[in-house]
Amino acid sequence: MALYDKFARYAQHREEFLTSGLNPFGTCIDEVYSATEGRIGHQRIILAGTNNYLGLTFNQQAIADGQAALAAQGTGTTGSRMANGSYGSHLALEQEIAAFFGRPTAIVFSTGYTANLGIISTLADNNAVVMLDADCHASIYDACTLGGATIIRFRHNDARDLEHRMIRLGERAREALIIVEGIYSMLGDVAPLAEIVDIKRRLGGYILVDEAHSFGVMGAHGRGLAEELGVEEDIDIIIGTFSKSLASIGGFAVGSRAMEVLRYSSRPYIFTASPSPSSIASVRSSLQTIAQHPELRKKLWNNAHKLYQGLQQLGYDLGPHISPVVPVIIGSKEKGLRVWRDLIAHNVYVNLVLPPATPAGITLLRCSINAAHTDAQIETIIQAFAALKG
Ligand code: PMP
25 MALYDKFARY AQHREEFLTS GLNPFGTCID EVYSATEGRI GHQRIILAGT NNYLGLTFNQ
85 QAIADGQAAL AAQGTGTTGS RMANGSYGSH LALEQEIAAF FGRPTAIVFS TGYTANLGII
145 STLADNNAVV MLDADCHASI YDACTLGGAT IIRFRHNDAR DLEHRMIRLG ERAREALIIV
205 EGIYSMLGDV APLAEIVDIK RRLGGYILVD EAHSFGVMGA HGRGLAEELG VEEDIDIIIG
265 TFSKSLASIG GFAVGSRAME VLRYSSRPYI FTASPSPSSI ASVRSSLQTI AQHPELRKKL
325 WNNAHKLYQG LQQLGYDLGP HISPVVPVII GSKEKGLRVW RDLIAHNVYV NLVLPPATPA
385 GITLLRCSIN AAHTDAQIET IIQAFAALKG
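Take 25 as the starting number for the sequence shown in this note's numbering and just add one per residue.
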């Protein structure tokens, strides 16, 4: 068998995509003009499929701070956090994140993916039990595989199922690591965190919440779902990323002082280069923006409601949850691909998501709205969907 033969199925899909038009898994955004607009080929498009929830990618202060760090500290650190890749700015950012969350410790990683990999794989070794929401992100699954833990999956957002499985574990439940997300990236629904905290109080265990899509988006100060529900004290570890609300690249974990020890045992922390100084400077700037401008969050949620209501009135199946992620559920893969391409022809870019990347094998067009979208842009998105209804 030749080296790539086992990928024949993917090669065939790729060929089909390439011969029939734009490839949804290799689209080039030829130019980006702002947090909400770009160009694909000759088409000027509204970006409605990003994770740029607060619209900060073109924030002037974040750009200026990034540029200043680039000039002062160079293009990259060329080393890992453990060797030569911890600059003063990485440490300062860790202190700022810890203070933002009111926790003793924050650890900065190179991406959100490696934050999950670094924290979870180290804790979830082959003596550990992980209780995992079935819809958790690939990075969490990969982390559990790397660590070698026993994984017990519970039905998505089903606290009762989690409880039954915890009870079945007996004494071992006391040491189980329960992992959920704040807002789930594909359907935009949120974890029943208050119920899960109640289970922890009764049966024991530890809770880790990946707030990748809820940091900056939920909670009075933007700390995420745990803040929104008033349960932060019961959450042992929060994971986040710099690549969504903070509009840069990198990841973090916050937790107790004891978490510090993971720096010495976490391979995804030790064996990869740290984020570049310019990325870190932009993140520090945007973290301040999040703290000082709660009105961005308000605007984001107003926009989310407008998009949801507009698409709902057209009769699209969106699921019951209103959030900045608005999933338009489409019958078949073929229809999904057709509507996705037609939306681009109508100047609107969203994400086409196909199984197995979707929960329950559905095809969906993942729209995501941000605080920088104008009413006129939201209306254009809705009109584009209206033109394609049927
Ligand atoms: N966790 C979740 C829930 C995510 O959706 C993602 C990215 N989509 C990540 C972690 C990884 O973050 P990053 O892209 O910053 O590596």
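The beta-carbon is built from N, C-alpha and C at its ideal position, and this holds for glycine as well.
Check whether residue i and residue j have beta carbons under 9 Å apart
i           : j           : result
residue 363 : residue 391 : no
residue 314 : residue 127 : no
residue 131 : residue 277 : yes
residue 286 : residue 143 : yes
residue 352 : residue 342 : yes
residue 45  : residue 134 : no
residue 86  : residue 272 : yes
residue 372 : residue 72  : yes
residue 94  : residue 302 : yes
residue 124 : residue 247 : yes
residue 231 : residue 185 : no
residue 117 : residue 304 : yes
residue 235 : residue 249 : yes
Residue i - containing beta strand (DSSP E), residue span
i           : result
residue 399 : Segment 399-411 is the alpha helix (DSSP H) holding residue 399; no beta strand (DSSP E) there.
residue 205 : 201-205
residue 132 : 129-133
residue 234 : 230-234
residue 153 : 153-157
residue 389 : 387-392
residue 125 : Where residue 125 is concerned, there is no enclosing beta strand (DSSP E), although the alpha helix (DSSP H) it sits in stretches over 112-125.
residue 17  : Outside the shown range of the chain, which is 25 to 414, sits residue 17, and nothing can be said about it.
residue 375 : 375-377
residue 265 : 261-265
residue 63  : 61-64
residue 68  : 67-71
6 Å CB neighbourhood of residue i in its chain, flanking five on each side removed
i           : result
residue 209 : 237
residue 366 : 412
residue 41  : 47
Nearest neighbour of residue i, chosen from the options [CA to CA]
i           : options            : result
residue 225 : 243, 200, 80       : 200
residue 76  : 307, 342, 411, 360 : 307
residue 188 : 212, 220, 206, 253 : 220
residue 228 : 324, 252, 305, 197 : 197
residue 309 : 269, 284, 163      : 269
residue 112 : 50, 299, 402       : 299
residue 106 : 297, 191, 179, 317 : 297
residue 223 : 155, 251, 264      : 155
residue 280 : 289, 267, 257, 294 : 257
residue 340 : 327, 355, 328      : 355
Cut-off 7 Å between Cβ atoms - residues of its own chain near residue i, not counting five sequence neighbours on either side
i           : result
residue 170 : 141, 145
residue 376 : 48, 360, 361, 364, 389
residue 172 : 149, 150
residue 54  : 63, 64, 65
residue 241 : 77, 207, 269, 321, 324, 348
residue 255 : 217, 218, 221
residue 120 : 308, 311
residue 193 : 153, 200
Same chain only: Cβ atoms within 8 Å of residue i, ignoring 5 sequence neighbours per side
i           : result
residue 381 : 210
Extent of the continuous alpha helix (DSSP H) to which residue i belongs
i           : result
residue 169 : 162-171
residue 175 : First-last for residue 175: 174-178, but that is the beta strand (DSSP E), not the alpha helix (DSSP H).
residue 307 : 301-316
residue 346 : Element bounds for residue 346: n/a, residue is neither H nor E.
residue 39  : 32-44
residue 48  : Where residue 48 is concerned, there is no enclosing alpha helix (DSSP H), given that its DSSP letter is neither H nor E.
residue 292 : 291-294
residue 417 : In the structure as shown, the chain starts at 25 and stops at 414, and residue 417 therefore has no counterpart that could be examined.
residue 89  : 84-97
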